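J.: Take this structure, written in structure tokens, and hold onto it; I'll ask about it next.
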Amino acid sequence: MNSPNASHQGGVWERQIRSVRTVLNEILTYYGRFDTAMLRTAFYEAMDTVNSRPLSVMNINDPQESVIIPNHVLTQKSSQVPSPPGQFTDTDAYSRTRWKPVQSFAEEFWKTWKLEYLT
């Protein structure tokens, strides 16, 4: 635990928070306003993406080897890492239905966060 005025002492988790906050700011600015239900769903999608990252090095030679992810600890289930969301175009973000914009947001979050996390 670190004091609220010393977030620089947080190290890795503070860096993780900054990367998620940066991506969310960028994407939510692009998509504009979501209603409460859509925003909650978008945050759950982002949370699932972030908590599906591996906590250890993955063995490329043995794809069957399981790796621990934060979702294993949070849900106490040993499930496979979900695949990224479906393929959507930018025009889907302006759809009248509520599902497509959130899924488009989730895909954009996945792509942007992956770049931010790996660099």
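Sequential numbering of the sequence shown, starting at 5, is according to the numbering used here. Glycine included, every Cβ here is placed at the ideal spot set by N, Cα and C. Remember, it's a predicted structure, so these values are computed and weren't measured experimentally.
1. Under 6 Å from any heavy atom of the ligand GTP, does the C-beta of R19 make it?
2. Assuming F113 and A41 are in contact, meaning their beta carbons sit under 8 Å apart, how far apart are those beta carbons, in whole angstroms?
3. Of the choices P74, W103, D39, T53, whose alpha-carbon is the least far from that of L119?
4. Select from N29, S108, L59 the residue whose C-alpha is nearest the C-alpha of H76.
5. Which of the three DSSP states, helix, strand or coil, is assigned to M42?
6. Note down, in chain order, each residue of its chain lying with its Cβ closer than 8 Å to the Cβ of V24, except the 5 sequence neighbours on either side.
T.: Result, derived from the coordinates:
1. As presented, the structure is devoid of all ligands, the ligand GTP included, so that no description of it is given.
2. Between A41 and F113 the Cβ distance is about 17 Å, and since that is not below 8 Å, they are no contact.
3. T53
4. L59
5. helix
6. A50, V54, W117
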